[in-house]
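Peer 1: Got a structure here, written out as structure tokens. Questions coming.
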Amino acid sequence: MTENKAAPASGSILVVGGGISGLTTALEAAEVGYEVFLAEKNPYLGGRVAQLNQYFPKLCPPTCGLEINFRRIKDNPKFKIFTLSQVEKVEGTPGNYKVTLKQEPRYVNDNCTCCGDCADACKTEISNDFNFGMNKTKGAYLPFEMAFPAQYVISPQIIGTQDAQNCKNACKYDAVELEMKPKNVELNVGAIVWATGWEPYDASKIDNLGFGQYQNVITNMMLERLASPGGPTNGKILRPSDNKEPESIAFVQCAGSRDENHLPYCSYICCMASLKHATYIRERYPEAKIYIFYIDLRTPGLKYENFYKKIKQDKNVFFVKGKVAQVDEDPATKNITVVAENAVTGEKTHETVEMAVLATGMQPSAANAKLPTDDLQYNEDGFILNDFERGGMFATGCANKPADVVTSNQNATGMALKAIKTLVNS
41 MTENKAAPAS
51 GSILVVGGGI
61 SGLTTALEAA
71 EVGYEVFLAE
81 KNPYLGGRVA
91 QLNQYFPKLC
101 PPTCGLEINF
111 RRIKDNPKFK
121 IFTLSQVEKV
131 EGTPGNYKVT
141 LKQEPRYVND
151 NCTCCGDCAD
161 ACKTEISNDF
171 NFGMNKTKGA
181 YLPFEMAFPA
191 QYVISPQIIG
201 TQDAQNCKNA
211 CKYDAVELEM
221 KPKNVELNVG
231 AIVWATGWEP
241 YDASKIDNLG
251 FGQYQNVITN
261 MMLERLASPG
271 GPTNGKILRP
281 SDNKEPESIA
291 FVQCAGSRDE
301 NHLPYCSYIC
311 CMASLKHATY
321 IRERYPEAKI
331 YIFYIDLRTP
341 GLKYENFYKK
351 IKQDKNVFFV
361 KGKVAQVDED
371 PATKNITVVA
381 ENAVTGEKTH
391 ETVEMAVLAT
401 GMQPSAANAK
411 LPTDDLQYNE
421 DGFILNDFER
431 GGMFATGCAN
441 KPADVVTSNQ
451 NATGMALKAI
461 KTLVNS
């Protein structure tokens, strides 16, 4: 982890992004003998999958897949991880790249045993980004229960304060290093796979749907965290305004997707995500009424179609074909009214519920922060286009196109082979 120089370029691969696609690409290459460097901007691996309560097709918790991958990493000497790291510069050609990473300090070293004494000693609370700001965490924190690497992080927000010193004083293992500085790491690699993933579209940009205006309008990824045992409510789905167990919930599909003013494309996973979320609510509140407002329901593949049919049989789930035009709030009750034109009857529908969930689309991370190389091409939506003829650099998973976990894994395996082919041919 602390090495600053890679092995010869002909035998090494850099994977940028430690989500499920990046992990799969890196492990597939490392397990056939290639040296792999993995750079992740967060202090942990796992990406968006780590934030889910369950994922398709088996509705497994993230521990189901991530734990196995983390064990594979530990067992493989070919695998080197750089967390809190981003690519600053790329020079060279396929088969021979020189890459500069900038690594931010964790302020905690490998002596950390995750005992939590530093967090106990810390009084400052900061916004919990892992839970989309729905709760607070200590300034010394473990990002989530099964975070890998299993090390605490000292937030830069408390560096230079007495709280930071309290964290250091409390650590009996001498794991807290407040004097850590950012550093540059140079790597020589033969191929680069960009697994930079996706971000939930910023729902506050959708003026008519009330996010940021009304407390009881949340996004689909916020619901994932509410449903998660490690989330801000320990797995209870409660409406934010009063922590009430909701008796009715509306899902607004294509929130910002298939819209020329926001994301003009279909994000592929949103329909299935809302159907999955219906199962979360049904498990906790069997009598709650669920309304799903949609333009078209897209359930790619037989398994997903069967899943939809099963949800459709539920007498408390109502599907309304119509695009939502407006979301309003009753100031007294904080209830939400969803207004849509029913595409079947042509009538304007008003449905008042206790909580609304916006099925926001996935936007490639590279759309908001272009990557530091001129050798990549993007489509108009910010997804990276692969140039297999040139080789050398490849995009995988949701950096390349909207995809679910299974599709991302399949694609990542293919990109590992493409990267290896570059090494073999160079």
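Here the sequence shown stands for residues 41 to 466, numbered as in our numbering. Heads up, the beta-carbon is just placed ideally off N, CA and C, and yes, glycines get one too.
Run through DSSP, which three-state label would residue 464 get?
Peer 2: Residue 464 sits at position 424 when you count from the first residue of the sequence shown. Three-state DSSP puts residue 464 in a helix.
Peer 1: Is residue 409 buried or exposed, if buried means 16 or more other CB atoms sit within 10 Å of its CB?
Peer 2: If you number the sequence shown from 1, residue 409 lands on position 369. Looking at its Cβ environment, which holds fewer than 16 other Cβ atoms inside 10 Å, residue 409 is exposed.
Peer 1: Can you name the start and end residues of the beta strand (DSSP E) that residue 368 belongs to?
Peer 2: Here the question's residue 368 lines up with position 328 in the sequence shown. That run of the beta strand (DSSP E) goes 364-369.
Peer 1: Looking only at DSSP bridge pairs, what is residue 380 linked to?
Peer 2: Sequence index remark: in the sequence shown, residue 380 carries index 340 (1-based). For residue 380, which the question treats as bridged, DSSP gives the partners 364, 389.
Peer 1: Taking Cβ to Cβ, would you say residue 407 is nearer than 9 Å to residue 235?
Peer 2: By one-based count along the sequence shown, residue 407 stands at place 367. By one-based count along the sequence shown, residue 235 stands at place 195. No. Outside cutoff.
Peer 1: With distances taken Cα to Cα, identify the nearest neighbour of residue 279 among 145, 271, 61, 266.
Peer 2: Looking up residue 279 in the sequence shown gives position 239. When only C-alpha atoms are compared, the closest one is 266.
Peer 1: Just tell me which of 443, 116, 461 has its CA closest to the CA of residue 428.
Peer 2: Translated into the one-based positions of the sequence shown, residue 428 becomes position 388. For residue 428, the nearest C-alpha among the options comes from 461.
Peer 1: What are the start and end residues of each continuous beta strand (DSSP E) run of 3 or more residues lying completely inside the segment 170-244, in chain order?
Peer 2: 176-178, 223-229, 231-234, 238-240
Peer 1: Assign residue 449 to buried or exposed, taking buried as 16 or more other Cβ atoms, counted over all protein chains shown, within 10 Å of its Cβ.
Peer 2: Locating residue 449 in the sequence shown gives position 409, counting from the first residue. Label assigned to residue 449: buried.
Peer 1: Taking 8 Å as the cut-off, does the segment 177-191 touch the segment 77-89 (at least 3 CB pairs, one atom from each stretch)?
Peer 2: yes
Peer 1: Per DSSP, what kind of secondary structure is residue 307 in: helix, strand or coil?
Peer 2: To locate residue 307, count along the sequence shown from 1; it is residue 267. Residue state, collapsed to three classes: coil.
Peer 1: Excluding the 5 residues flanking residue 475 on each side, which residues of the same chain have their C-beta closer than 7 Å to its C-beta?
Peer 2: Here the chain comprises residues numbered 41 to 466, so residue 475 is not present and cannot be evaluated.
Peer 1: Could you tell me the distance, in whole angstroms, from the CA atom of residue 192 to the CA atom of residue 371?
Peer 2: Sequence index remark: in the sequence shown, residue 192 carries index 152 (1-based). Sequence index remark: in the sequence shown, residue 371 carries index 331 (1-based). Using only the alpha carbons, I get a separation of about 41 Å.
Peer 1: Taking Cβ positions, are residue 225 and residue 123 nearer each other than 9 Å?
Peer 2: Reading the sequence shown from its first residue, position 185 is the one you call residue 225. Reading the sequence shown from its first residue, position 83 is the one you call residue 123. Their beta carbons are not under 9 Å apart, which means residue 225 does not touch residue 123 by this criterion.
Peer 1: By a C-beta neighbour count over all protein chains shown, 10 Å radius and 16 as the cutoff for buried, is residue 148 buried or exposed?
Peer 2: Here residue 148 refers to the residue found at position 108 when the sequence shown is read from its first residue. So residue 148 ends up on the buried side.
Peer 1: Quick check for students: name the residue ranges of the beta strand (DSSP E) that lie wholly in the segment 83-155, counting only runs of 3 or more.
Peer 2: Taken in chain order, the complete beta strand (DSSP E) segments of 3 or more residues contained in the segment 83-155 are 119-122, 125-133, 136-143.
Peer 1: Taking residue 201 as the reference, give the member of 172, 210, 218 with the closest Cα.
Peer 2: Taking the first residue of the sequence shown as 1, we reach residue 201 at position 161. The shortest C-alpha separation from residue 201 is found at 218.
Peer 1: Please report the distance separating the alpha-carbon of residue 447 from that of residue 436.
Peer 2: The residue you call residue 447 lines up with position 407 of the sequence shown. The residue you call residue 436 lines up with position 396 of the sequence shown. Rounded to the nearest angstrom, the two C-alpha atoms are 10 Å apart.
Peer 1: Hey, out of 54, 157, 228, whose CA is closest to residue 212's CA?
Peer 2: The sequence position of residue 212 within the sequence shown is 172, counting from 1. Of the listed residues, the one whose Cα sits closest to residue 212 is 157.
Peer 1: From 173, 420, 215, 172, pick the residue whose C-alpha is nearest to that of residue 180; which is it?
Peer 2: Along the sequence shown, read from residue 1 onward, the residue named residue 180 stands at position 140. It is 215.
Peer 1: Looking at the unbroken alpha helix (DSSP H) that takes in residue 334, where does it start and where does it end?
Peer 2: By 1-based counting over the sequence shown, the position of residue 334 is 294. First-last for residue 334: 329-334, but that is the beta strand (DSSP E), not the alpha helix (DSSP H).
Peer 1: For residue 108, count neighbouring Cβ atoms within 10 angstroms of its own Cβ and tell me buried if that reaches 16, exposed if not.
Peer 2: Reading the sequence shown from its first residue, position 68 is the one you call residue 108. Under this definition residue 108 is an exposed residue.
Peer 1: By how many angstroms is the C-alpha of residue 74 removed from the C-alpha of residue 51?
Peer 2: As a working mapping, residue 51 is identified with position 11 in the sequence shown. As a working mapping, residue 74 is identified with position 34 in the sequence shown. The straight-line gap from Cα to Cα measures roughly 6 Å.
Peer 1: If you drop the 5 nearest sequence neighbours on each side, which residues of the same chain put their C-beta closer than 6 Å to that of residue 164?
Peer 2: Counting from 1 along the sequence shown, the entry for residue 164 is found at position 124. 179, 198, 203, listed in sequence order.
Peer 1: Please name the residue, chosen from 315, 171, 361, that lies closest to residue 97 on a Cα-to-Cα basis.
Peer 2: To locate residue 97, count along the sequence shown from 1; it is residue 57. For the residues 315, 171, 361, the minimum Cα distance to residue 97 belongs to 315.
Peer 1: When DSSP labels each residue in this structure, what does residue 72 get in the three-state scheme?
Peer 2: By 1-based counting over the sequence shown, the position of residue 72 is 32. DSSP places residue 72 in coil when its eight states are reduced to three.
Peer 1: Classify residue 331 as buried or exposed, calling it buried when 16 or more other Cβ atoms lie within 10 Å of its own Cβ.
Peer 2: Taking the sequence shown and counting its residues from 1, the one referred to as residue 331 is at position 291. Buried.
Peer 1: Any idea what DSSP makes of residue 456, helix, strand or coil?
Peer 2: The sequence position of residue 456 within the sequence shown is 416, counting from 1. The answer is helix: DSSP assigns residue 456 an H, G or I state.
Peer 1: Secondary structure at residue 52, three-state DSSP: helix, strand or coil?
Peer 2: Numbered from 1 along the sequence shown, position 12 holds the residue referred to as residue 52. Strand.
Peer 1: Tell me which same chain residues have a C-beta within less than 6 Å of the C-beta of residue 93, skipping the five on either side of it?
Peer 2: Walking along the sequence shown from the start, residue 93 turns up at place 53. Counting only Cβ-Cβ distances below 6 Å, and skipping sequence neighbours, we find 264, 267, 268.
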